[in-house]
Ligand SMILES: Nc1ncnc2c1ncn2[C@@H]1O[C@H](COP(=O)(O)OP(=O)(O)O)[C@@H](O)[C@H]1O
Ligand SMILES: [Mg+2]
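Protein chains in written order, with my numbering: chain X, 3 to 450; chain B, 193 to 467; chain S, 25 to 307.
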């Protein structure tokens, strides 16, 4: 190969390499940006007076004086809107039967939208469910509801051969000439007056319990459950995995049995996590009866089984990468094999073992399938450490899935879901970062 | 070795701190473990929050599907199984074999709304039309008065009680659901799919219907609390909670919530129907 | 290798045991000179491959015995057999007899851990543990139950002094040993071995990874230690062998070809092959 072609090849390889790194970085950016942006929105957002009232009533936090004055202001503006509603309701009484029926069916969604924006309307009974006891707590949601008040979404079914397109009809037109007509421009003009938006930092998102199935409140039970499960899994899997790795590398005689064990381990590493979930249910809960119901213990054990192969593999590799000369030196000084393993080989392999361990910890924190049937619940309070043997727990991974797909008001609480995603991603990143730092620190110590 | 010890100590310390932080919230007043249907989920979760608030008893709710709820009660791993269908003979037999005697409690009624995308001009279907659509006989919306578009059929997983209800009330034994129907894991997921897919059709519990989807009239009747209650809406069903034996103590108190006025208000606020 | 040599090698293999000189007991200044290690028809195999062939030799206590021979002739294999370091290689096994102080090294009841405590080894590449200098030296004594800090300090100093390293490292005993130079590391390894007070010191090409200056220091060290320990040193540097050893063994293709007092072996070799090797006529 001549110099020219070699250079071209070198350069094009560099270009391809850089290219793939850029693509990777972009992909990461595309994934992380919305997570971070939306997730941060669960803590930093423009909150309304409803949010502050809710926090005060449900969690006993906030500046009572300020809330009182703001509520008074908001109520003044709301009273005007309420008056328009009741005026119109009276007006309908006096209408012809036909007109009244038509208006009533059009009025119902307006009333519902107003109640969703401001909370229970005057004269309505106090709802049982916390979610209906307050209006919109977030400004952007309030604006969304305002849109529902101002416009009716209609569908253009005129062409029978194609799917209809949606279009908005201003309700002001539909109620033109009635006493409700001024409401729409009033609501638009005075939305901020009625809602008292204010930049809000809600740290309680991380430390509060959830309220009415995550409609309000925070995600502490989920965060705590995630820690319990991941750390619990490590308490089982780490020592077991390291011992197994020591056995594989130092004691097992190469042979049929060992190769079977080895391939079983590799196979286990490739088994889909849902299989571990079903196994955990069948084995730990139904057969072994480690707990009466789902529990942190059962979930941690299941996760432990799942991450065990990874830990074994990482530890094995770390042990194998310890120079043979250390072992020779130790044995040569009259050390026993076991002593050599404990005092020389494991400490030297520690950076690798820990890296494998913490990456597994991250995986244990992030997996959903293994805990569905063994540990996770949709709602439940934070449990005490003594309850881990008997109680199930909410956990970030499962509740993210639950909020994303199963929750009956999923579209109203996307911010909670993203807040959970961000928390989970941060926890996993934090764990990985600490793995890197710890590894660097220990390596430094070993190198001198 | 030294470094490792330190690591372990840190982990233990962390766990201990977490434990102390949460110890205050742990409750001693007994607990109730619920498992099962995603359809009954909202009722169970709301009851749970209310019950914990008023009695101090911890209640946990899992939503893993009616089938798993049945399995849990059979294996004795939950106190209450939420189910959106009755127990099957097979399940009752399995329970008996394990010395479990499931007792059924109807907590509410629910209509199965057949929903389409609001962009679809179709507003009503007969039961037989729905059956023909799901069995694969009718594949285009134009056959039932809609636009010219291939029907996207959404169903639930086999584990779902809603799926079982739909099969028994609409399809009947001799009409299996077409293999081309797409499966979703929950009411919410079906609603999502239908609201984002113009040609889709699906079925969800009444409590999950909102403006993002359009519920169809079935046999000329719109699904609503009244039509479900008076039995005119053809696809409706009871929602169950199962216990092992007649419930006692806090479990009984919990189940009986559906007969209290507060419980009934929660059910109707959630969009379900009181029996 | 010339055709002639090859033939004689084949011939040698065929005749199996060679009639070679075995040094007779000889009192040394310090009272050594008895047979410390004795090989009788001792062979070592890697699987089916015979790497050391029916060696018969007495190694005298408190003398320095060098082992020379071309690369791959079995020097290391033989040396590592003496403290059973070859146990680490699963395919390796031995026949014949090897005795240490009259005890069968490969006997069923022999405790190889105790054996290794008495037979220290220093390897080709310096291999200090990734620990502090102090912990490296103290590793052996601690292993054998010494916990008293004062005692440990004393033994660390003594060993480092014996290994002629004390002056260079006395002010940084808590530093990681991997920070030392290659030559210092090798002397540290010697000190580490000395700290368990062995009877025999096995050195497998201890200077091949070192520069001339460090090599000279190690050679001086061997001179210092001669008379206190039985020392066996594998080297393929013939000058080194003639400088530091009292006796020399010449191995060729697994066979002990000649074993004699160093001066005699280098000035007046009995065997043609030895002569060819020491005069550099084959590599
Ligand atoms: N672990 C082993 N497995 C198989 N053969 C080996 C092993 N170690 C060394 N040998 C072989 O044994 C012979 C002697 O090796 P060795 O004692 O290391 O030679 P030397 O130290 O004299 O250079 C060589 O042919 C070498 O290939
Ligand atoms: Mg060698």
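Every residue, glycine too, gets a C-beta built ideally from N, C-alpha and C.
Please report the straight-line C-alpha distance between residue i and residue j, rounded to a whole angstrom.
i: residue 66 (chain S); j: residue 95 (chain S); result: 20 Å
i: residue 285 (chain S); j: residue 212 (chain S); result: 30 Å
i: residue 305 (chain S); j: residue 226 (chain S); result: 28 Å
i: residue 414 (chain X); j: residue 406 (chain X); result: 11 Å
i: residue 458 (chain B); j: residue 76 (chain X); result: 28 Å
i: residue 259 (chain B); j: residue 283 (chain B); result: 9 Å
i: residue 3 (chain X); j: residue 18 (chain X); result: 21 Å
i: residue 392 (chain X); j: residue 299 (chain X); result: 7 Å
i: residue 239 (chain X); j: residue 349 (chain B); result: 33 Å
i: residue 280 (chain X); j: residue 375 (chain X); result: 7 Å
i: residue 133 (chain X); j: residue 281 (chain B); result: 39 Å
i: residue 327 (chain B); j: residue 370 (chain B); result: 5 Å
Residues of chain B with CB under 7 Å from residue i, in chain order?
i: residue 196 (chain X); result: Correct list: empty, because the minimum Cβ distance to chain B is about 23 Å.
Taking all protein chains shown into account, decide if residue i is buried (16 or more other Cβ within 10 angstroms of its Cβ) or exposed.
i: residue 308 (chain B); result: buried
i: residue 453 (chain B); result: exposed
i: residue 450 (chain B); result: buried
i: residue 396 (chain X); result: buried
i: residue 232 (chain X); result: buried
i: residue 65 (chain X); result: exposed
i: residue 160 (chain B); result: An answer regarding residue 160 (chain B) cannot be provided, because it is not within the stretch 193 to 467 covered by chain B.
i: residue 251 (chain X); result: buried
i: residue 235 (chain S); result: exposed
i: residue 21 (chain X); result: exposed
i: residue 400 (chain X); result: buried
i: residue 158 (chain X); result: exposed
i: residue 448 (chain B); result: exposed
i: residue 444 (chain X); result: buried
i: residue 418 (chain X); result: buried
i: residue 278 (chain S); result: buried
i: residue 269 (chain X); result: exposed
Which partner residues does residue i have in the DSSP bridge list?
i: residue 222 (chain X); result: Beta-bridge pairing links residue 222 (chain X) to no other residue.
i: residue 302 (chain B); result: B:429
i: residue 229 (chain B); result: DSSP lists no partner for residue 229 (chain B).
i: residue 135 (chain X); result: Its beta-bridge partners do not exist; DSSP assigns none.
i: residue 252 (chain B); result: B:225
i: residue 121 (chain S); result: S:64
i: residue 271 (chain S); result: S:89 and S:285
i: residue 257 (chain S); result: S:90 and S:227
Could you list which residues in chain X have their beta carbon closer than 9 Å to that of residue i, in chain order?
i: residue 373 (chain B); result: None at all; the shortest Cβ gap to chain X is about 18 Å.
i: residue 457 (chain B); result: 127, 129, 130 and 131
i: residue 144 (chain S); result: 334, 335 and 336
i: residue 399 (chain B); result: 410
For residue i, which residues in chain X fall below 8 Å Cβ to Cβ?
i: residue 151 (chain S); result: 325, 327, 328, 330 and 331
i: residue 217 (chain S); result: 334 and 335
Applying a beta-carbon distance threshold of less than 7 Å, which residues of chain X neighbour residue i?
i: residue 220 (chain S); result: 335 and 336
i: residue 340 (chain B); result: 163
So residue i contacts chain S; which residues on that side make the cut at Cβ distance below 7 Å?
i: residue 443 (chain X); result: Per Cβ cutoff of 7 Å: no residues; residue 443 (chain X) is ~14 Å from chain S at best.
i: residue 341 (chain X); result: 167
List, in order along the chain, the chain B residues whose C-beta lies closer than 8 Å to that of residue i?
i: residue 288 (chain X); result: 267 and 269
i: residue 159 (chain X); result: 313
Give me the chain S residues within the contact set of residue i, using Cβ-Cβ distance strictly less than 9 Å, ordered along the chain.
i: residue 263 (chain X); result: Going along chain S, no residue has its Cβ under 9 Å from residue 263 (chain X), so there is no contact; the nearest lies around 17 Å.
i: residue 322 (chain X); result: Chain S residues near residue 322 (chain X): none, gap ~14 Å exceeds 9 Å.
i: residue 449 (chain X); result: 154, 200, 202 and 203
Could you list the residues in the segment 395–410 of chain X with a C-beta less than 7 Å from some C-beta on chain B, going in chain order? 404, 407, 408, 409 and 410
Tell me which residues of the segment 247–258 of chain B have at least one Cβ-Cβ distance to chain X shorter than 8 Å, keeping chain order. 250, 251, 252, 253, 254, 255 and 256
In the segment 87–109 of chain X, which residues sit with their C-beta less than 7 Å from some C-beta in chain B, listed in chain order? none
Beta carbons nearer than 7 Å to chain S: which residues of the segment 344–378 of chain X have them? 346 and 350
Residues from the segment 153–164 of chain S in contact with chain X, defined by Cβ distance under 7 Å: 153, 154, 163 and 164
Looking at chain B, which residues of the segment 290–301 of chain X have a Cβ within less than 7 Å of any of its Cβ atoms? 294, 295 and 296
Below 7 Å between beta carbons is the criterion; list the residues of the segment 424–440 of chain X that meet it against any residue of chain S, in chain order. none
Where the segment 100–115 of chain S meets chain X: residues whose CB sits under 8 Å from a CB there: 107, 109, 112 and 114
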